[in-house]
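Note that the protein sequences, when read in sequence, are chains A and B.
Note that the working numbering gives residue 172 to position 172 of the first sequence, counting from 1, and the numbers run on in steps of one.
Note that the working numbering gives residue 590 to position 218 of the second sequence, counting from 1, and the numbers run on in steps of one.
Here a beta-carbon is modelled for each residue, glycine too, at the ideal position from N, C-alpha and C.
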Amino acid sequence: MKKLGVIVNPIAGIGGRVGLKGSDGIEIVRMARELGARPEAPSRAVVALKIVSRIKDSIQVITYPNGMGEDECRQAGFSPKVIGSIRSEETTPGDTEKAAQQMVAEGVDLLLFAGGDGTARNIYNAVRHKVPALGIPAGVKIHSAVYAVTPRGAGEVAVMFLEGGLTKNRVAEVMDIDEDAFRNGLIEAKLYGTLRVPEESRYVQSAKSGGLQSEKDALQGMAAEVIGSMHDEECYYIIGPGTTTRIIMNNLGLENTLLGVDVVRNRHLVAKDVAENQLMDLIKGKRAKIVVTVIGGQGHVFGRGNQQISPRVIREVGRENIIVIATKEKLASLKGKPLLVDTGDEALNEELSGYMRVIAGYTDYVMYKVGY
Amino acid sequence: MPRDKHTLLRKFHQARWDEDMIFEMSVPGERGVLVPRAENGIRAEVGDSTSVIPDQLRRKTPPALPEVNQLRVVRHFTRLSQETMGVDVTADMSMATCTMKYSPKVQEHVAARHPGMTEVHPLQDEGTIQGILEMYYKLEQFLKEISGLDYFCFQPGGGAQAIFTNACIVRAYHAARGDNNRTEIITTIFSHPANAGAPATAGYKVITLMPDENGYPDLEAMRAALSQRTAGIFITNPEDTGIYNPRIDEYVSAAHAVGALCSYDQANANGLLGIARAKESGFDLCHFNLHKTFSAPHGCMGPATGAIGVSKELAKFLPVPQVKFDGKSYSLHYNRPESIGRVRSFLGNAPLILKAYAWIMQHGAEGLREVATCSVLNSNYLEKKVREIPGVAVWYAPGKRRLEQVRYCWEKLKADTGVGTEDVKRRMADYGLQHYWTSHHPWVVPEPFTLEPCESYSKDDIDEYVAILRQIAREAYEDPEFVKNAPYNSTIHKIPAPSINEPERIAVTWRQYTKKRLK
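Put into structure tokens, the structure is as follows:
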């Protein structure tokens with residue numbers, strides 16, 4: 001009988017919706033809780049585990065106590081073997097590493113973990129290439145290529161792997177960015193190491209691709225296209241994070257937050273680096289548009305680094321008012337995979353699916369598929 | 373440099389002359405030609421001929437041209453012309469999407485030497501250029517038959533201008549119906565990029581479709597993009613992948629259903645001649661590049677002509693003049709009040725018309741069809757051999773035959789060895805091959821190369837080509853650094869070439885060069 005190890009980093013993703021750019025460090029977690037944030041990891045882990053529960057009679061699940069996997073496994077219908085113990089109330093990176101080491105010792109065939117880049121680093125420290133691992137995306141920052149593109153995808157890949165349908169592994173990058181630098185507007189992803197990941201290109205994400213020299217002109221054109229369409233003086237423009245959207249702000253001569261969400265109206269900055277609540281207060285009952293870009297190599301439009309633009313914000317704005325900007329190079333780097341929406345709300349994900357007109361330059365568009 | 377009978381490889385070294393640039397050869401006062409002063413009688417009659425140029429347009433200082441005598445100029449350019457791969461007016465098969473076929477010498481000779489071509493002036497009376505007009509008229513009849521469309525115009529000076537002209541005709545058509553809201557053109561990422569660029573230049577917004585998993589343009593995406601704002605679709609088939617889209621009529625019908633027109637880019641029609649026509653696919657407009665499919669040389673080696681074809685309904689919007697024949701003589705007609713106007717002076721590039729006309733006459737209808745079958749056969753033979761080379765893959769539509777060209781992929785070679793398509797391309801020069809065409813940007817297929825042997829290449833030519841690619845792949849697996857630093861036997865060694873979008877590092881004139889070099 002195949003053994004599946006499950007580890008959930010119960011606080012992963014907590015900093016996202018309240019605009020804290022990450023969840024590394026006890027202080028940040030405390031701040032996030034004070035801001036009313038809830039962790040994303042448990043519910044995302046359950047989505048993935050429910051898919052795996054299709055084969056629950058033919059596998060053994062080994063996990064860690066309470067919020068580190070046990071709760072999620074039970075919710076998904078498993079009766080897992082629970083090992084180890086957690087000392088304090090708030091779990092730490094040390095707990096993740098200890099859990100991973102013990103699961104390797106238990107001889108698991110696959111380690112399924114839910115978290116973000118920080119979690120992937122902990123898994124890497126403990127596991128290296130000893131057993132294959134696969135991430136359920138639940139963190140704020142996901143630059144690492146060890147994550148499935150969505151929680152459902154993680155479940156599908158785990159099933160295929162445990163049933164013997166996937167035999168190949170791929171060495172995938174564990175990346176992370178310095179959250180302090182990130183909060184100060186600097187983005188620099190570092191390679192920390194690699195994990196062995198089941199090979200399945202449709203569901204497992206590739207590492208974020210860097211920009212290309214030839215994209216510069218297209219980026220300026222995209223900014224001109226978006227700015228040129230700002231006729232409605234009453235309309236709020238919610239500008240999502242990223243270096244692509246930053247060009248719009250630069251060309252408007254406005255301050256901006258590289259990894260946060262800014263709000264513009266009538267070409268003036270209305271609010272900077274907003275949390276979800278603020279955003280909702282601002283736009284409730286008003287006309288608004290969302291401007292977001294695509295994460296290169298992965299294709300996420302919502303649910304990676306822009307959790308402030310939450311399901312209720314997206315519903316308030318409306319699908320027709322979502323402006324996606326991405327160069328053709330970036331779209332080509334997706335190798336035919338659709339743009340992805342992972343808002344945390346499955347019904348909304350489905351509503352957003354279909355085709356969207358992506359702005360790829362000045363009066364230059366690509367009609368592109370959106371999925372989840 | 374004899375070719376090895378077994379490996380088909382040769383020891384090759386390209387010619388190299390350590391030539392100065394012509395500007396560096398300048399000696400003050402030297403002249404190639406001394407232009408005589410006009411005789412007194414003429415000067416008395418005409419006066420100072422330069423005085424007809426307004427003062428503000430006249431140079432204050434003479435141009436800084438190199439001062440070099442004739443002998444040196446001839447020797448200089450002869451040597452430069454030897455630093456090539458030995459082709460003179462036509463390039464190599466590896467430039468796919470371009471249809472670089474062999475251009476027969478005979479029409480080059482006639483176009484360059486026949487006084488009926490070389491000694492005429494475009495403003496001559498039409499009664500004195502009946503031969504040229506006859507070729508225009510007959511070539512139009514040929515292309516009507518090849519495409520199924522009703523009228524042709526040979527004014528555009530290239531493929532992109534042909535697409536631009538077609539975009540203008542599309543706008544004129546909608547405007548004539550009182551519909552001025554159609555501001556969008558739809559094209560595909562694997563269509564020649566002029567189908568996006570030229571309509572944009574004509575003022576349209578352009579929506580591009582990406583391929584689906586079989587490599588065809590995403591039909592559902594097109595349906596999502598079509599609306600009352602769609603003026604037309606501009607599409608190639610087969611696209612750059614070489615895969616013929618058998619459902620093309622569905623794309624055309626979907627566009628027609630919202631009132632849009634459909635323009636077929638047949639710049640490269642080598643896989644289709646005598647087999648499939650624009651009309652039967654339902655298209656309203658098309659264009660052929662006479663400098664591709666119809667053998668006239670191109671790629672900086674000859675002027676170009678994009679021949680545009682339209683349906684009867686669109687004929688009134690074509691540029692003027694039109695060549696007509698009344699059974700006795702040929703004449704030029706200008707009476708098209710709804711014409712979009714001229715896109716080029718006079719009749720366009722008459723020598724191109726001659727070459728295309730001659731080429732079609734040489735082949736006949738059966739011969740044209742044989743060109744298509746032969747170029748598809750050549751490409752399929754090449755593909756089978758290239759697929760066997762380690763590190764090569766072909767994306768999309770497994771098991772489906774390509775037509776006249778194939779987009780290949782070195783992604784595996786790059787992953788295995790670090791040697792990518794640009795490295796392989798440079799190394800080819802060491803074996804005497806012109807480098808191949810990679811792909812238009814963006815590279816949807818990673819590490820791409822695109823080959824199109826046309827009908828020109830023999831089996832032996834193709835075998836040698838494959839042997840060279842196979843040898844380079846072997847070198848990449850054995851010694852990747854060696855391939856990455858190629859070429860070694862070329863006119864120049866590897867230089868870190870600035871990208872074409874780094875204008876601050878590029879000099880295309882001597883003046884720019886001297887300025888930027890000093891920086």
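Taking Cβ positions, are residue 788/B and residue 384/B nearer each other than 8 Å? no
Can you name the residues that DSSP bridges to residue 721/B? The partner list for residue 721/B (beta bridge, DSSP) is empty, contrary to what the question assumes.
Taking DSSP's pairing of strands, which residues face residue 637/B in a bridge? 608/B and 659/B
Taking 8 Å as the CB-CB limit, is residue 369/A close to chain B? Closer than 8 Å to some Cβ of chain B, the Cβ of residue 369/A qualifies, so yes.
Classify residue 147/A as helix, strand or coil using the three-state DSSP reduction. strand
Same chain, Cβ closer than 8 Å to residue 354/A, neighbours up to 5 away in sequence not counted: So the qualifying residues of the chain are 369 and 370.
Top-ranked residue by Cα proximity to residue 807/B, from 822/B, 816/B, 623/B and 734/B: 822/B
For residue 373/A, return the contacting residues in chain B, with the cut-off set at a CB-CB distance below 9 Å. The question about residue 373/A has no answer, for chain A in this structure spans 1 to 372.
Among 134/A, 358/A, 92/A and 267/A, the one whose alpha carbon lies nearest that of residue 11/A: If you compare the alpha carbons of 134/A, 358/A, 92/A and 267/A with that of residue 11/A, the shortest gap goes to 92/A.
On a Cα-Cα basis, can you pick out the residue from 805/B, 741/B and 544/B that is closest to residue 647/B? 741/B
Give the residues from the region 342–368 of chain A that approach chain B closer than 9 Å (Cβ to any Cβ), ordered along the chain. 354, 355, 356, 357, 360, 361, 362, 363, 364, 365, 366, 367 and 368
Quick one: is residue 888/B buried, meaning 16 or more other Cβ sit within 10 Å of its Cβ, or exposed? Around the beta carbon of residue 888/B, fewer than 16 other beta carbons sit within 10 angstroms, so the residue counts as exposed.
Chain A contact residues for residue 592/B, given Cβ-Cβ distances below 8 Å: Simply 355 and 369.
Using the beta-carbon of each residue, which ones in chain B are nearer than 7 Å to residue 332/A? 814, 815 and 816
Any contact of the region 534–554 of chain B with the region 313–327 of chain A, i.e. 3+ C-beta pairs under 8 Å? no
Enclosing alpha helix (DSSP H) for residue 837/B [first to last residue]: 831–850
How big is the Cα-Cα spacing for residue 375/B and residue 382/B? If I take the Cα positions, the gap works out to 4 Å.
Give the straight-line distance between the Cα atoms of residue 664/B and residue 864/B, rounded to the nearest whole angstrom. 29 Å
Residues of chain D with a CB under 9 Å from the CB of residue 570/B: which are they? In the structure shown, chain D cannot be found, because the protein chains are A and B.
For residue 268/A, the three-state DSSP class (helix, strand or coil): strand
Shorter than 8 Å from the beta carbon of residue 577/B to some beta carbon of chain A? yes
In terms of alpha-carbon separation, which member of 102/A, 48/A, 258/A and 250/A lies closest to residue 267/A? 250/A
Using the Cα positions of residue 95/A and residue 86/A, report the straight-line distance between them to the nearest angstrom. Taking the straight line from one Cα to the other gives about 7 Å.
Nearest residue (CA-CA) to residue 773/B, options 643/B, 714/B, 783/B and 656/B: 643/B
Residue 167/A burial status per 10 Å Cβ neighbour count (16 or more: buried): Exposed, because fewer than 16 other Cβ atoms sit within 10 Å of the Cβ of residue 167/A.
Report the neighbours of residue 597/B on chain A: residues whose CB is nearer than 9 Å to its CB, in chain order. Neighbours of residue 597/B on chain A, chain order: 355, 357, 365 and 367.
Coil, strand or helix - residue 309/A by DSSP: coil
Residues that residue 779/B bridges to, as DSSP identifies them: 822/B
Cα-Cα, which of 838/B, 484/B, 389/B and 469/B is closest to residue 721/B? For residue 721/B, the closest C-alpha among the options 838/B, 484/B, 389/B and 469/B is that of 484/B.
Do the CB positions of residue 690/B and residue 708/B come within less than 8 Å of each other? Yes, these two residues count as a Cβ contact at 8 Å.
So with Cβ pairs under 8 Å, would you call residue 622/B a contact of chain A? no
Quick check: what's the CA-CA separation for residue 813/B versus residue 418/B? 56 Å
What's the gap between the Cα of residue 824/B and the Cα of residue 47/A? Roughly 49 Å between the two C-alpha positions.
Considering only residues of the region 522–552 of chain B, which uninterrupted alpha helix (DSSP H) runs meet the minimum length of 4 residues and lie entirely inside it, listed in chain order? 531–548
N- and C-terminal bounds of the alpha helix (DSSP H) containing residue 397/B: Element bounds for residue 397/B: n/a, residue is neither H nor E.
State yes or no: is the C-beta of residue 766/B nearer than 7 Å to some heavy atom of the ligand SAM? The ligand content of the structure shown is nil, which means the ligand SAM is not present either.
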